[in-house]
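Each remark here refers to the structure printed beneath this line.
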Amino acid sequence: MIKAAKATAQPTSISPPSQGAGESRFDPITGNWTIFAPHRSERPDEFVESRECIRQQVACPFCPGNELKTPPAVWIGHAEHTEPIAAERQEATELSQPTTALKNEWSVRVVPNKFPAVASFVEQDSTHSTDPKRLPGNHANSKSEPTLFQRRPIAGGHEVIIESRNHVQSITELDVAEAALAFKAYRDRLRHWRDVPGIAYISTFKNVGSKAGASLRHSHSQIIATDRMPPMVATAAERMSNHLLTQGSCLHCDLVRAELKAKSRIIWRDDSLVAFCPFSSHLPFLVRITTLAHQPCYEDLPESNIESVSRLVRRVVSWIEKLFPDTAYNFCLHTRPPGCNDPADAYHWTIEIFPRITQVAGFEFSSHCMINPVLPEDAAAQLRSCALAEDPRLIL
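For the sequence shown, position 264 matches number 250 in my numbering, and the numbering has no gaps at all.
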C-alpha cells in the first residue's frame, strides 16, 4: 500500500507588492474600490475594435423625411447652421413646441422611444396629481406570491434626442448650434420628467458605436425616467448626504477642490467648468465634467452654462477620438434624482465620458470590482496634451 506523504509546505504570508504593481483606490461617492493594474495594458489583444465608419443612411428613421417612422415629437429645436462646433461660439436660436412648428423644419427633435425600456405614462389631465398610484408601476401586482420572488411593473418614460438632421454619428460631427440645442433638450426634458408625479430617477446618456450599446448610427442620445431609483444611485445619494451632514460641505465640491490642488488629473478648466480624470476612475480614460460652483441640478443651470457644457463635452470627446480614432464611447449625465429625499445641497450634477477600449470580464462580473489598466494620472496627461495642442494658452 502506498501511503500519501504528509504535506510539509506551510502557508506563506502575502508578499508585499513589488514596485510597479497595481493598487486599489476608493471612490467616496459610490463606496466602491477600483483595482489599478497598469501592467495589464501590455497584454496581447487580438480583439481590438473601433467604431464603425459607415455613413450610409438607407431607411434611417432619424433622417429628415422619415419622421413618420418615429412617434410624434414632444420637443423640437431650430438652430442656425453655420460653422463646425470647433469654431468660435455660435448661438442656438429658436426653441418651440411641436404643436407650433412645422414638423419637417427641425434641427434637433425629441421623440418617445419606439421600443421603450419602461412602460409609458401619460397624464390623465392637465393638473399634476400627488397620488403615486397615478404611475402604473406603483400598483401592487400580487400579494400571494412568495416574497423571495418579488416583481412589479416599472413605469415612466423613454425618449430619444435626435441631435442632427445630418446622418452623422459622433457629437464631434455636430455643428455648434446642434450641440447646444441637444443639451438644452436635456434640460427641458429633465424639467418635464422631474415634475411628473411618482418619477424617482432620470437617466440621460449617449451611446456611440455598437460596442457602446448603440443600435443606430445617426447621432442621438436618450432619456429614461422611472418610478424606481436604482440601488447604486440611492447609495451614492446617501453617501453624499452623509458627507454634507458630517463635513458641512458638498462631497463633489470637496473632490473638485482636492483635484484642483493635486493638478495631476486635471485636463481642462475655465472660470466655471472643470474636466478631470477622477482619482478612483473605474474605467480607463473616464473624464468627469462639472461646474466649479455648487449646483445640484443640471436642469437648473443658466443658459450660458449649458452652452459652455455642450462645447466642453464636444472638445473632450474630440481629444478622446484623437487618442483612439473611431472608438466607441458613452457619456452619462448625473443630476439630482427627483425621488431623492436628502438635502438638495448634498448633490452636485456631473457628466462622465468614457471610451469603450476595454472589456468587462469575469472578475468584474463576479466581484462587482473593476480593474482599470490605465492610471487616471496617465490618462489625464495624454488628454491634457491634446488640450494643450488645441490651445497652448491653457493654464491649469
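C-beta: ideal position from N, C-alpha, C; glycine also.
Problem - Three-state secondary structure (DSSP) of P414 - result: Nothing about residue 414 can be reported from this structure: the residues present for the chain run from -13 to 382 only.
Problem - Residues sharing a beta bridge with I140, DSSP - result: Partner(s): none; I140 has no beta bridge.
Practice task
Can you grab the Cα-Cα spacing for the pair A367 / M356, in whole Å?
Solution key: 22 Å
Problem - Per-residue burial, N327 [other beta carbons within 10 Å of its own, 16 or more giving buried] - result: exposed
Handout entry: Short Cβ contact (7 Å threshold) for I147 with A163
Key = no
Practice task
Would you mind sorting S93 into buried or exposed? The rule is 16 or more other CB atoms within 10 Å of its CB.
Solution key: buried
Handout entry: DSSP bridge partner residues for Q281 (one or two, in chain order)
Key = According to DSSP, which records beta bridges pairwise, Q281 is partnered with nothing at all.
Practice task
Report the option in W179, L54, C283, R342 whose CA atom is closest to the CA atom of H238.
Solution key: C283
Practice task
Buried or exposed for E338, please, with buried defined as at least 16 other CB atoms from any protein chain shown within 10 angstroms of its CB.
Solution key: Buried: at least 16 other Cβ atoms inside 10 Å.
Practice task
Out of V60, R177, I157, Y187, state which residue places its alpha-carbon closest to the alpha-carbon of V104.
Solution key: Y187
Practice task
Could you work out which residue in T321, V260, G142, Y315 is closest to V295 when comparing CA atoms only?
Solution key: Looking at the Cα atoms, V260 is the closest of the given residues.
Exercise for the section: Using a threshold of 7 Å, state whether the C-beta atoms of L241 and F340 are closer than that. Expected result: Against a cut-off of 7 Å, the Cβ pair of F340 and L241 comes out as no contact.
Problem - Inter-residue Cα distance where the pair is I140 and W179 - result: 15 Å
Practice task
Drop a sphere of 10 angstroms on the beta-carbon of L385, count the other beta-carbons inside from all chains shown, and report buried for 16 or more, exposed for fewer.
Solution key: With the chain running from -13 to 382 in the structure shown, residue 385 is simply not present.
Exercise for the section: Provide the residue span of the beta strand (DSSP E) that contains C318, from first to last. Expected result: 315 to 320
Practice task
Quick one: which unbroken beta strand (DSSP E) runs of 3-plus residues sit fully inside the segment 297 to 352? Chain order, please.
Solution key: 315 to 320, 336 to 341
Problem - Cα-Cα separation between L160 and D256, rounded to whole angstroms - result: 23 Å
Handout entry: Three-way DSSP call (helix, strand, coil) for N193 in this model
Key = strand
Problem - Limits of the beta strand (DSSP E) - the one that A261 falls within - result: 259 to 262
Handout entry: Endpoints, the beta strand (DSSP E) within which W408 is located
Key = With the chain running from -13 to 382 in the structure shown, residue 408 is simply not present.
Problem - Secondary structure of R274, DSSP reduced to three states - result: strand
Practice task
Please go through the segment 151 to 210 and give each complete alpha helix (DSSP H) segment of 4 or more residues, from N-terminal end onward.
Solution key: As far as the segment 151 to 210 is concerned, its whole alpha helix (DSSP H) runs of at least 4 residues are 162 to 180.
Practice task
Quick one: grab the DSSP three-state call for S106.
Solution key: strand
Handout entry: Coarse secondary structure for V295, derived from DSSP in three states
Key = helix
Exercise for the section: Rounded to whole angstroms, what's the CA-CA distance from C372 to R203? Just pull it up for me. Expected result: Rounded to the nearest angstrom, the two C-alpha atoms are 26 Å apart.
Handout entry: P217, enclosing alpha helix (DSSP H) - first and last residue
Key = If you look at P217, you'll find it in the alpha helix (DSSP H) that goes 217 to 233.
Problem - Whole-angstrom distance between E285 and L319, CA atom to CA atom - result: 11 Å
Handout entry: Three-state class that DSSP yields for V242 in the structure shown
Key = helix
Handout entry: E363 vs S250 beta-carbon contact at 7 Å
Key = yes
Practice task
Go ahead and label E307 buried or exposed: buried means 16 or more other beta carbons lie within 10 angstroms of its beta carbon, across all protein chains shown.
Solution key: buried
Exercise for the section: Put E91 into one of helix, strand or coil per three-state DSSP. Expected result: coil
Practice task
Starting from I15, trace the beta strand (DSSP E) both ways and give me its first and last residue.
Solution key: Premise fails: I15 is in no beta strand (DSSP E) and is neither H nor E.
Handout entry: Alpha-carbon to alpha-carbon, I343 and S196
Key = 12 Å
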